[in-house]
Each structure stands twice: as structure tokens, then as C-alpha cells.
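First up is the structure itself, then whatever we jot down about it.
Numbering (this note's numbering), first residue to last: 18 to 165.
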């Protein structure tokens, strides 16, 4: 299938996609802050520069976009144009995610991953997502994943 916009327009659209301060990330930060949690953002001294770092709980929260991290959900669909490029790109992102997660765990950090699909859609339960995340933060479990 051919792209519905020309390459210059597509390039402009793709360059406008942010890697930091995305809507799902801001939502999680806002909800955690309202619940009294204090955190650091984009810690450069940790592997992968985690989105949210809660030093008091020795925990990090990674908010992943379903497309860029190749999540197996309804929000992810392989692009039809330049399929080799996208398979390599998203495969590399997945590999990096695994390496970052392993490095954080090896460094004594607890790791939570919240997927974009858990926060989007008509049937979303953001309150439930927050409650499960808070429960995990207060526990000793090494990892947590919230999927839509």
C-alpha cells in the first residue's frame, strides 16, 4: 500500500513526534504526583534514561509507546512503506528495551513498564492502572508491567 501523503509531509509529521513529555508520560507523572509521589525525570545517570525515577522506592517507570516499542496490541501495526527499515528499527528498539531493563535490574532498580494502550481508548481504566502501579511501588516486587 502506498503512503497517502508525500515523503516530505511524512518526514515533517514523523519529526514532530516527541520522545519525551508524551501525553501518556505526562498523565502518569501527574497521577503519581497527585498521590504524593516525588520523582526525577529522564535521569541521565541511569541506563536508558528512564522516564520517571522514584529514588525513595528504588524504582523506575518506563512509559512505552506501542508503535515505537512494537507492542503486540491493537495500537501497533507494521508500516506498509519501507518494511525492512521499520522491522530493523522496531527490532532494535525492542532489543534496547531488554538491555535497559536488564541493566536497571542488575543495578538494583525495580522496573515498571506502562504501555500506551493501557492509557488510551474508550475502555481504559486509568484509576485501576494507577492503583496497580502504586501497589507495586509499595511492594518489593522487582518488576511490573501494565498492558491495555
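All C-beta atoms in this analysis are idealised placements derived from N, C-alpha and C, irrespective of residue type, glycine included.
Which one of the options has the shortest CA to CA distance from residue i?
i	options	result
residue 151	22, 138, 55, 100	55
residue 163	147, 131, 140	131
residue 120	160, 102, 83	160
residue 140	91, 61, 25, 82	91
residue 68	156, 129, 149	129
residue 142	29, 48, 22	48
residue 117	135, 133, 78, 65	65
residue 135	83, 72, 115	83
residue 43	158, 133, 157	133
residue 63	122, 156, 104	122
residue 78	113, 94, 45	45
I believe residue i touches residue j by the beta-carbon criterion, under 8 angstroms. Please report the beta-carbon distance rounded to the nearest angstrom.
i	j	result
residue 70	residue 39	The pair is not a contact, with the Cβ atoms about 17 angstroms apart (cut-off 8 angstroms).
residue 74	residue 154	5 angstroms
residue 165	residue 125	Actually they do not touch by this definition, with Cβ atoms about 29 angstroms apart.
residue 60	residue 127	The Cβ separation is near 14 angstroms, so there is no contact.
residue 57	residue 72	7 angstroms
On the three-state DSSP scale, how would you describe residue i?
i	result
residue 6	The structure shown does not extend to residue 6, since the chain is modelled only from 18 through 165, so no value can be given for it.
residue 54	coil
residue 22	coil
residue 160	strand
residue 41	helix
residue 149	helix
residue 61	coil
Kindly say whether residue i, judged by its beta-carbon, lies nearer than 8 angstroms to any beta-carbon of chain D.
i	result
residue 152	Among the chains of the structure shown, chain D does not appear; only one protein chain is present.
Does the beta carbon of residue i fall short of 7 angstroms from some heavy atom of the ligand ATP?
i	result
residue 25	The ligand ATP is absent from the structure shown, which contains no ligands of any kind.
- Message: Would you call the stretch 73-93 in contact with the stretch 102-114, where contact means no fewer than 3 C-beta pairs closer than 8 angstroms?
- Response: With the cut-off at 8 angstroms, the stretch 73-93 and the stretch 102-114 touch.
- With a floor of 3 residues, list each beta strand (DSSP E) that falls wholly inside the stretch 76-145, ordered by position along the chain. Counting only runs of 3 or more, we get 76-81, 127-132.
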